[in-house]
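In my numbering, the protein residues as written are 12 to 442.
Have a look at the structure below before the remarks.
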């Protein structure tokens with residue numbers, strides 16, 4: 012079956028009468044996902060007041076926002092996803108939301124770096140039960156042709172969470188203190204979790220697929236084998252891992268760069284950076300999903316060409332934003348790369364959902380997210396922090412400028428991997 016035929020068949024899947032139910036499901040999963048990202052972004056925005064009180068280095072901060080979180084997120088991700096492929100996914104997401112929100116609130120009660128690191132371990136382990144099961148639920152509410160856009164809408168929780176986290180975090184630092192900021196967000200998550208379980212119904216697995224595969228969960232080894240056997244899945248792991256390395260490195264360090272190197276006032280973070288980040292990341296994620304949904308009807312190559320083009324735009328515009336001296340001009344120039352750096356997310360997640368059977372989708376998403384989180388979230392911010400610390404004796408506060416510049420070779424490698432994937436997409440969809 013060609014991809015166009017598959018998409019046409021998927022569009023004909025029986026979804027009449029389910030519009031309200033699936034829209035409520037998508038909205039609630041979006042809200043829970045937003046809380047997930049607010050919890051992550053909050054630490055990045057509050058780094059300067061926390062550093063002033065606890066006196067830790069850029070490398071330690073890179074560990075807190077990156078590797079410490081990602082290690083436990085990734086370690087818990089696969090077993091939790093395997094449970095999701097076998098158990099009620101909605102209840103699992105609700106339980107996970109309570110866990111990560113509890114640890115987020117506890118971040119406001121720590122007194123040193125190691126206590127904060129332990130709480131971030133807990134946040135990471137809890138958040139492993141959020142995204143992969145949510146993607147599996149969405150795939151069973153929407154037919155294949157509509158999944159890139161639906162997943163693009165869902166993954167808007169990232170930029171919206173960045174917007175809320177940056178805006179609320181900056182306001183909280185100035186008005187209620189960084190400790191109370193963590194406690195408030197944690198309480199919100201604990202209150203929202205029961206609403207999710209109450210409002211969202213667990214969908215039938217595979218109901219929106221044109222072909223109904225055997226309704227049994229695959230062992231992890233077989234789910235992993237799909238990524239080894241299918242070249243496009245192999246390349247999306249490599250390309251997405253490198254793209255995540257760059258995007259998480261940017262996301263976690265741009266606030267500190269603007270405040271420390273470019274002397275942006277904390278109040279301006281809430282007024283300007285929060286909305287700018289939320290809107291641009293949203294444009295990138297939703298735009299990537301919409302463009303692929305539109306262009307993939309003509310050619311499956313869109314799953315690779317759209318992210319590759321976005322990466323090609325990112326590199327020169329981000330370099331330009333780093334080289335200017337004014338925070339106002341720097342932020343203005345960053346609007347384009349901040350949008351471009353997230354364009355790969357929805358196409359990559361949708362590709363995995365469309366090329367895997369229903370009972371392995373959460374596990375397959377978790378495998379892809381291992382690359383997102385170990386290579387991207389785990390190593391991207393840490394790499395930038397280590398480079399910044401190593402350059403600080405010579406460059407002082409300017410070290411962050413060059414640390415962020417050092418991410419650009421990885422962006423070029425990501426673009427090459429995304430473009431190379433286009434060679435295999437049509438054949439893999441046909442199979």
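Here a beta-carbon is modelled for each residue, glycine too, at the ideal position from N, C-alpha and C.
DSSP-derived helix/strand/coil call for residue i
i           : result
residue 187 : coil
residue 400 : helix
residue 57  : coil
residue 16  : Low confidence applies here, because residue 16 scores a pLDDT of 41, under 50, leaving its location unreliable; read the following figure in that light. Correct three-state label for residue 16: helix.
residue 339 : helix
residue 433 : coil
residue 276 : coil
residue 213 : coil
residue 309 : coil
residue 84  : helix
residue 418 : coil
residue 208 : helix
residue 304 : helix
residue 367 : coil
residue 291 : helix
residue 412 : helix
residue 50  : helix
residue 393 : helix
residue 439 : helix
residue 299 : helix
residue 354 : coil
residue 97  : coil
residue 426 : helix
residue 173 : helix
residue 378 : helix
residue 141 : coil
residue 42  : helix
residue 121 : coil
residue 30  : helix
Candidates the options: closest to residue i by CA position
i           : options               : result
residue 398 : 172, 133, 154 and 260 : 260
residue 292 : 438, 256 and 171      : 171
residue 388 : 82, 38 and 199        : 82
residue 312 : 139, 434, 129 and 289 : 434
residue 246 : 400, 335, 189 and 382 : 382
residue 163 : 191, 37 and 394       : 37
residue 86  : 401, 431, 54 and 380  : 380
residue 295 : 143, 258 and 439      : 258
residue 393 : 124, 415 and 405      : 415
residue 252 : 32, 33 and 421        : 421
residue 341 : 298, 403, 300 and 412 : 412
residue 309 : 57, 236, 430 and 436  : 436
residue 334 : 358, 242 and 409      : 409
residue 161 : 322, 59, 438 and 297  : 297
residue 403 : 391, 329 and 272      : 272
residue 365 : 336, 153 and 203      : 153
residue 93  : 214, 158, 395 and 235 : 235
For residue i, the first and last residue of its enclosing alpha helix (DSSP H)
i           : result
residue 151 : Neither: residue 151 is in no alpha helix (DSSP H) and is coded neither H nor E.
residue 166 : Element bounds for residue 166: n/a, residue is neither H nor E.
residue 114 : 100-118
residue 261 : 242-267
residue 127 : 124-138
residue 72  : 69-73
7 angstroms CB neighbourhood of residue i in its chain, flanking five on each side removed
i           : result
residue 197 : 112, 113, 115 and 116
residue 45  : 168, 171, 172 and 175
residue 145 : 40, 44, 104 and 165
residue 102 : 208
residue 71  : 124
residue 276 : none
residue 53  : 176, 180, 192, 193 and 196
residue 431 : 246
residue 301 : 160 and 163
Close Cβ partners of residue i (< 6 angstroms) along its chain, the five nearest in sequence each way excluded
i           : result
residue 254 : 355 and 425
residue 345 : 332
residue 417 : 398
residue 249 : 428
residue 49  : 172, 175, 176 and 196
residue 119 : 190, 193 and 194
Sequence-distant residues of its chain with Cβ nearer than 8 angstroms to residue i (five each side left out)
i           : result
residue 133 : 83, 110, 111, 113, 114 and 117
residue 279 : 338
residue 91  : 103, 107, 139, 140, 143, 144 and 377
residue 212 : 32, 36 and 101
Heavy atom of the ligand COA within 7 angstroms of residue i beta-carbon
i          : result
residue 61 : No copy of the ligand COA occurs in the structure displayed, which carries no ligand at all.
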